[in-house]
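For reference, the structure discussed in these notes is given below.
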Amino acid sequence: MKLEDEVAIITGGGTGIGKAISLAFADEGAAVVAAARNVARLEEVANQIKSKGGKARAIQTDISDHQQVKRMVAETVKEFGKLDILINNAAAYSYNNADVPDMNLDNWYDTLTVNVSGTMLCAREAMKVMIPRKSGVIVNVSSVAGISGHPTESPYCVSKWAIIGFTEVLAIEAGKHNIRVNTISPGATRTKEFEEMITALANKRGITEEDMWRKLKASNSLNRIAEPEEIARAVVFMASDDSSAMTGHNMIVSCGFHLIHPQEIHRL
Ligand SMILES: NC(=O)c1ccc[n+]([C@@H]2O[C@H](COP(=O)([O-])OP(=O)(O)OC[C@H]3O[C@@H](n4cnc5c(N)ncnc54)[C@H](OP(=O)(O)O)[C@@H]3O)[C@@H](O)[C@H]2O)c1
């Protein structure tokens, strides 16, 4: 097993990609702390792990609240004795935005607060317990929207670009403490949230969902989108010693989605 006896916090660990990461980490022997706001979904994942003999804990946390983030890290260390891995996966996303002049400003501020400040707060508190042990791994989840401009999505896009920059800064600062920091950038990935977005986009464009899916898949060089479990396997690699010489890296896992010019995607 690649993560035996490691202790990992996975933010947003109760749904979608985060849930797949939580389950994959448990399968690799890690004790998993799933953290987000909806505690019922976290408990479901924790119970699923425990029913297979693994170690898990659900900790209700709003990552944009500094005190809640401090409590998340403190409770993790109290229960499992240490923190080896932080997966900064939680994010706010609104696919119903607009060009900048008409953009919803509340959405701009909320998205940057959760995605950028929340990511920073979790990394900051995790590093405080990793530094004395001279050991740790942080993986920040960005997106293909963090490597190119996506029209009408500036809040999300800007937040995901910021995560890649933050990773580079942190990787330099944390290297002297033997802490590795990397980014993973998924492309279109089949989560409930993503499927709902496709339905909404199909309705907005007046085409069938089937047509929307067909066009989307055709925009990926592998002619399909990724499954959450495929992203999770890449995160296991980045959290484990298999990537022991990697830091400050942004790994794209997108079925080739990132190769298409983003404006093409928005013309779908
Ligand atoms: N699916 C895709 O196609 C895709 C593509 C590229 C990148 N990504 C990235 O992958 C990550 C996971 O996304 P997903 O597709 O799996 O969507 P998702 O299921 O909606 O996951 C987002 C998670 O973030 C949590 N969250 C949101 N705001 C939070 C807050 N303030 N505090 C704590 N937790 C919060 C949510 O839980 P609560 O609501 O319970 O708090 C939820 O579990 C995100 O970073 C996303 O940007 C996804």
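Every position in the sequence shown, counted from 1, becomes a number in this note's numbering once 14 is added.
C-beta atoms are modelled at their ideal positions from N, C-alpha and C, and glycine is treated no differently.
Being a predicted model, the structure only gives us computed values, none of them experimental.
* **Coil, strand or helix - P14 by DSSP** => Outside the shown range of the chain, which is 15 to 282, sits residue 14, and nothing can be said about it.
* Asked: Can you tell me the Cα-Cα spacing of D76 and G68, whole angstroms?
  -> 25 Å
* Check whether the Cβ of E241 lies closer than 8 Å to any Cβ atom in chain B. => Included in the structure is just one protein chain, with no chain B present.
* To do: Count the CB pairs spanning the segment 112–120 and the segment 89–102 that are closer than 8 Å, and state whether there are at least three.
  => no
* Asked: Should N234 be listed as close to ligand 1, given that the test is whether its C-beta is under 7 Å from any heavy atom?
  -> no
* To do: Kindly indicate which residue of I274, Q62, A60 has the alpha-carbon position closest to the one of L236.
  => I274
* Asked: Does the Cβ-Cβ distance between G132 and S65 come in under 8 Å?
  -> no
* Taking only the alpha-carbon atoms, compute the straight-line gap between V53 and A60 and give it to the nearest angstrom. => 10 Å
* Can you tell which of Q62, K148, G163 has the C-alpha that lies nearest to the C-alpha of L97? -> Looking from the CA of L97, the closest CA among Q62, K148, G163 belongs to K148.
* On the DSSP bridge assignment, give the partners of Q74 in chain order. => Checking the DSSP bridge columns, you'll see Q74 partnered with A50.
* Quick one: give me the first and last residue of the beta strand (DSSP E) that M86 is part of. => Unbroken run through M86 is the alpha helix (DSSP H), 80–94; no beta strand (DSSP E).
* With a CB to CB cut of under 8 Å and the five nearest residues on each side skipped, what residues in its chain are close to V267? -> The residues are I198, S199, P200, G201, A240, E244, I245, A248.
* Just how far apart, CA to CA, sit D19 and E207? -> 32 Å
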